[in-house]
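J.: There's a structure below that I have some questions on.
There are 2 protein chains.
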Amino acid sequence: MYRLDQDSIATESGANRFDVNLSDGWGIGGVPNGGYLGYVVVSTLAKALPHPDPFTVTSHYLRPASPGPAQIEVELIRAGTTQSTGMAKLIQGGKEILRMIATFGDLGTISGPTRETGASPLPSMDRCQRSTATPPNSTFGDRVDVLFSPGSLDFLKGASDRPMEVSGFIRLNDGREPDARSLVLFADAFPPPVLHAVPRRYVPTLELTVHVRRKPAPGWLRAFFRTRYLIEGYLEEDGEIWDSEDRLVAISRQMARLAQ
Amino acid sequence: MYRLDQDSIATESGANRFDVNLSDGWGIGGVPNGGYLGYVVVSTLAKALPHPDPFTVTSHYLRPASPGPAQIEVELIRAGTTQSTGMAKLIQGGKEILRMIATFGDLGTISGPTRETGASPLPSMDRCQRSTATPPNSTFGDRVDVLFSPGSLDFLKGASDRPMEVSGFIRLNDGREPDARSLVLFADAFPPPVLHAVPRRYVPTLELTVHVRRKPAPGWLRAFFRTRYLIEGYLEEDGEIWDSEDRLVAISRQMARLAQ
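So the protein lines, in turn, are chains A and B.
Following this note's numbering, the numbering of the first sequence begins with 5 at its first residue and continues without gaps.
Following this note's numbering, the numbering of the second sequence begins with 5 at its first residue and continues without gaps.
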């Protein structure tokens, strides 16, 4: 069993209640990464819904989680023919860590008009490079393999007026291929692009919404993240994720803030 | 009292429960507009939270509403120092119409670094024009005043390969000035840009997230909406709203689908 699957096992403990064990293997600074938490919760919520794929997933991050036992409560809000909607709470130590609302569907059966005007903004992989810097007390980098595009890591050298953009290639490093749900993880797996303007800050996510648009093909994902509006310490971060066949598979947007 | 305020009065009917009367004055094809519903719900949710301004608001649209009585249930999820998070349900005839989750803060007190790289994409107002076409059985256009930018209404002439963009100037037409909460309304007040590719279709919103970034100055708002990825009948619609002083005040993103 791959580590992401092992680290997201949910055991039913009652009606619409599940026990999970948050791994210490997906941490940034000792805190489980928000994308990992989102993956665990959306995978558990899927058990309560009649459709398999998260189409649009919104997570509000209320408090930092810790590695260890946690509970997830799920609610089926509406089950329709083509979509279903549900809510989930991640609870640890009696406190709510994350509240999620999501609408699911079936990416394998939808059909309709297609028109796309975007294009994958990434350079060729041979121009990309791994980071040599790891945040202290972080295990997340042991689980994912990332090749950053040129300039993406310039924030390690300090502030600059370059565009607030970070991009690169990403995959799980144990051979686990990407699937629709894992895009919730990958949407929060890169350093915040706002660090180009304000380096060495902690940038907690308040809310993250991921739209999953296609099932990704096996192989490396290409991900591009950009912040255009840092206003009074608050910012949006927009993401696009493309698969190895250069098809858009997800878009994301989060609201975050610079911690004081 | 202005119509938007009159049409969003919520009367407490119990603990965390409110009665509202959905107006027939904000309809598109006889159905209350989703932005209007979002405004009613977020204004009611505000009563349960210690902060005044919606920072990030996500609405999942479950069923069409009808004009008339409805109930709103609110839940305070977390009250923090700088932000608070809550949930709300809009219920009508015993069925849930809309589920909202939102994080609030205080736009008047936040402070921190600012860097903005976007620019208002609108032409001058004298190049914009009102629409002469109104969807049947629609009252929404009686409440808002919209000047469309050149080309925005080309979908009325049929499909084209122009970019899927719609933009223009907008205000409430009874003199009610925009405020932070009203940006939830304005984020869903324009025709869907996907109509350029697929005209004369109904495009129901599945989920709409609005990030409110500043309190708008009085006067006309400038709004720009774009769809880049129509895939198998599903699409995102990204919006930016600028105020009369050319400051970004909100960004929005919705997932919608082409109705069969």
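Built from N, CA and C at the ideal position, the CB exists for glycine as well.
Quick one: grab the DSSP three-state call for D146 (chain B).
T.: Locating residue 146 (chain B) in the second sequence gives position 142, where the first residue counts as 1. Note: D146 (chain B) maps to helix in three-state DSSP.
J.: Reducing DSSP to helix, strand and coil, say where M129 (chain B) ends up.
T.: As a working note, residue 129 (chain B) is residue 125 in the second sequence. Helix.
J.: Within 10 angstroms of the Cβ of M129 (chain B), are there 16 or more other Cβ atoms? Answer buried if so, exposed if not.
T.: Here residue 129 (chain B) is taken as the residue at index 125 of the second sequence, counted from 1. When all chains shown are included, M129 (chain B) counts as exposed.
J.: Counting only the same chain and skipping the five closest in sequence on each side, list residues whose C-beta sits under 8 Å from that of G31 (chain B).
T.: By 1-based counting over the second sequence, the position of residue 31 (chain B) is 27. So the list reads N37, P71, N141, S142, T143, F144, once near-sequence residues are dropped.
J.: Tell me the DSSP bridge mates of E249 (chain B)?
T.: If you number the second sequence from 1, residue 249 (chain B) lands on position 245. Answer is none; E249 (chain B) lacks a bridge partner.
J.: Could you tell me the distance, in whole angstroms, from the CA atom of I132 (chain A) to the CA atom of V44 (chain A)?
T.: As a first step, residue 132 (chain A) must be located in the first sequence, where it is residue number 128. As a first step, residue 44 (chain A) must be located in the first sequence, where it is residue number 40. It is Cys, not Ile, that sits at residue 132 (chain A) in the sequence shown. Each residue's alpha carbon lies about 30 Å from the other.
J.: Under 8 Å, with one C-beta from each stretch per pair, do the segment 7–27 of chain B and the segment 148–155 of chain A reach the 3-pair mark?
T.: Taking 8 Å as the limit for Cβ pairs, the verdict is that the segment 148–155 of chain A does not touch the segment 7–27 of chain B.
J.: Given a cut-off of 7 Å, decide if L102 (chain A) and I76 (chain A) are closer than it, judged by their beta-carbon atoms.
T.: Stepping through the first sequence from its first residue, residue 76 (chain A) is reached at position 72. Stepping through the first sequence from its first residue, residue 102 (chain A) is reached at position 98. Going by C-beta atoms, I76 (chain A) is not nearer than 7 Å to L102 (chain A).
J.: Shorter than 7 Å from the beta carbon of R74 (chain B) to some beta carbon of chain A?
T.: Looking up residue 74 (chain B) in the second sequence gives position 70. Position check: residue 74 (chain B) holds Ala in this sequence, whereas Arg was assumed. No - not a single Cβ of chain A is within 7 Å of the one on A74 (chain B).
J.: Kindly list, in the order they appear in chain B, the residues whose Cβ is closer than 8 Å to that of F229 (chain A).
T.: Indexing the first sequence from 1 puts residue 229 (chain A) at position 225. The contacting residues do not exist; F229 (chain A) stays about 14 Å from chain B at best.
J.: Pull the bridge partners of R261 (chain A) from the DSSP assignment, please.
T.: By 1-based counting over the first sequence, the position of residue 261 (chain A) is 257. DSSP, once it has assigned bridges, lists A:Y238 as partnering R261 (chain A).
J.: Is the beta carbon of L210 (chain B) less than 7 Å from the beta carbon of M259 (chain B)?
T.: For the purposes of this step, residue 210 (chain B) is taken as the residue at position 206 of the second sequence. For the purposes of this step, residue 259 (chain B) is taken as the residue at position 255 of the second sequence. Yes, these two residues count as a Cβ contact at 7 Å.
J.: Are R251 (chain B) and A201 (chain A) touching if we call contact CB-CB under 7 Å?
T.: For the purposes of this step, residue 251 (chain B) is identified with residue 247 of the second sequence, where counting begins at 1. For the purposes of this step, residue 201 (chain A) is identified with residue 197 of the first sequence, where counting begins at 1. No, they are not a contact pair.
J.: T62 (chain B) CB to nearest chain A CB: under 7 Å?
T.: Here residue 62 (chain B) refers to the residue found at position 58 of the second sequence. Judged by the 7 Å Cβ criterion, T62 (chain B) is in contact with chain A.
J.: Can you find a C-beta in chain B that's less than 7 Å from the C-beta of V253 (chain A)?
T.: As a first step, residue 253 (chain A) must be located in the first sequence, where it is residue number 249. Taking Cβ atoms only, chain B never reaches closer than 7 Å to V253 (chain A), which makes this a no.
J.: Secondary structure at L111 (chain A), three-state DSSP: helix, strand or coil?
T.: Looking up residue 111 (chain A) in the first sequence gives position 107. In this structure, L111 (chain A) counts as coil in the three-state DSSP scheme.
J.: Would you say G122 (chain B) faces chain A, with C-beta separation under 7 Å as the test?
T.: The residue given as residue 122 (chain B) occupies position 118 in the second sequence. It does; some Cβ of chain A falls within 7 Å.
J.: Thinking C-alpha only, which one of A:K219, A:Y65, A:D28, A:V170 is nearest I235 (chain B)?
T.: As a position in the second sequence, residue 235 (chain B) is number 231, starting the count at 1. Selected option, being the one with the closest Cα: A:K219.
J.: What residues of chain A sit near E240 (chain B), judged by a beta carbon separation below 7 Å?
T.: Against the second sequence, residue 240 (chain B) aligns to sequence position 236. Going along chain A in sequence order, the residues near E240 (chain B) (Cβ under 7 Å) are H215, I255.
J.: What does the alpha-carbon distance come out to for the pair Q10 (chain B) and G18 (chain B)?
T.: Counting from 1 along the second sequence, the entry for residue 10 (chain B) is found at position 6. Counting from 1 along the second sequence, the entry for residue 18 (chain B) is found at position 14. C-alpha separation (whole angstroms): 21 Å.
J.: How about D178 (chain A) and Y6 (chain A): are their beta carbons less than 7 Å apart?
T.: Taking the first sequence and counting its residues from 1, one reaches residue 178 (chain A) at position 174. Taking the first sequence and counting its residues from 1, one reaches residue 6 (chain A) at position 2. For D178 (chain A) and Y6 (chain A), yes; Cβs fall inside 7 Å.
J.: If you drop the 5 nearest sequence neighbours on each side, which residues of the same chain put their C-beta closer than 8 Å to that of P127 (chain A)?
T.: For the purposes of this step, residue 127 (chain A) is taken as the residue at position 123 of the first sequence. Taken in chain order, the residues that qualify are S153, P154.
J.: Buried or exposed: D57 (chain B), going by 16 or more other Cβ atoms within 10 Å of its Cβ?
T.: In the second sequence, the residue the question calls residue 57 (chain B) occupies position 53. When all chains shown are included, D57 (chain B) counts as buried.
J.: Determine which residues share a DSSP beta bridge with H215 (chain B) and list them.
T.: Taking the second sequence and counting its residues from 1, one reaches residue 215 (chain B) at position 211. H215 (chain B) pairs with B:T60, B:I255.
J.: Quick one: give me the first and last residue of the beta strand (DSSP E) that T12 (chain A) is part of.
T.: Taking the first residue of the first sequence as position 1, residue 12 (chain A) is located at position 8. Here the sequence assigns Ser to residue 12 (chain A), which means Thr is not the residue at that position. It is not in any beta strand (DSSP E) - S12 (chain A) carries neither H nor E in the DSSP assignment.
J.: When you check each C-beta in the segment 72–97 of chain B against every C-beta of chain A, which residues fall closer than 9 Å?
T.: Correct list: I81, R82, G84, T86, Q87, T89, M91, K93.
J.: Would you tell me roughly how many angstroms separate the C-alpha atoms of T86 (chain A) and E241 (chain A), rounded to the nearest one?
T.: One-based indexing of the first sequence puts residue 86 (chain A) at position 82. One-based indexing of the first sequence puts residue 241 (chain A) at position 237. Going by the C-alpha atoms only, they are around 30 Å apart.
J.: Please compile the residues from chain B whose C-beta is within a distance smaller than 7 Å of the C-beta of A201 (chain A).
T.: On the first sequence, position 197 is the one that residue 201 (chain A) refers to. The answer, in chain order, is P117, R119.
J.: Taking the DSSP output, what are the residues bridged to Y65 (chain B)?
T.: Position 61 of the second sequence, counted from the first residue, corresponds to residue 65 (chain B). According to DSSP, Y65 (chain B) bridges with B:L102.
J.: Taking 7 Å as the CB-CB cut-off, is T107 (chain A) touching chain B?
T.: Position 103 of the first sequence holds residue 107 (chain A). Judged by the 7 Å Cβ criterion, T107 (chain A) is in contact with chain B.
J.: Going by the beta-carbon positions, is the gap between L41 (chain A) and R180 (chain A) smaller than 7 Å?
T.: The residue given as residue 41 (chain A) occupies position 37 in the first sequence. The residue given as residue 180 (chain A) occupies position 176 in the first sequence. Not closer than 7 Å, so no.
J.: How far does the beta strand (DSSP E) with T48 (chain A) in it extend, from its first residue to its last?
T.: Taking the first residue of the first sequence as 1, we reach residue 48 (chain A) at position 44. Run containing T48 (chain A): none in the beta strand (DSSP E); it sits in the alpha helix (DSSP H), 38–49.
J.: From L176 (chain B) to F108 (chain B), what does the alpha carbon distance come to, in whole angstroms?
T.: Walking along the second sequence from the start, residue 176 (chain B) turns up at place 172. Walking along the second sequence from the start, residue 108 (chain B) turns up at place 104. So the two alpha carbons sit approximately 24 Å from each other.
J.: Find the residues of chain B that neighbour L210 (chain A), judging by a C-beta separation of less than 8 Å, and give them in chain order.
T.: Taking the first sequence and counting its residues from 1, one reaches residue 210 (chain A) at position 206. Ordered by position in chain B, the residues that pass the 8 Å Cβ test against L210 (chain A) are F59, T60, Q87, T107.
J.: Relative to the C-alpha of S12 (chain A), which candidate in A:D28, A:S47, A:G39, A:G33 has its C-alpha closest?
T.: For the purposes of this step, residue 12 (chain A) is identified with residue 8 of the first sequence, where counting begins at 1. Nearest of A:D28, A:S47, A:G39, A:G33 to S12 (chain A), Cα basis: A:S47.
J.: Please list, in chain order, the chain A residues whose beta carbon lies closer than 8 Å to that of M168 (chain B).
T.: One-based indexing of the second sequence puts residue 168 (chain B) at position 164. Near M168 (chain B) (Cβ distances below 8 Å), the residues of chain A are R119, T121.
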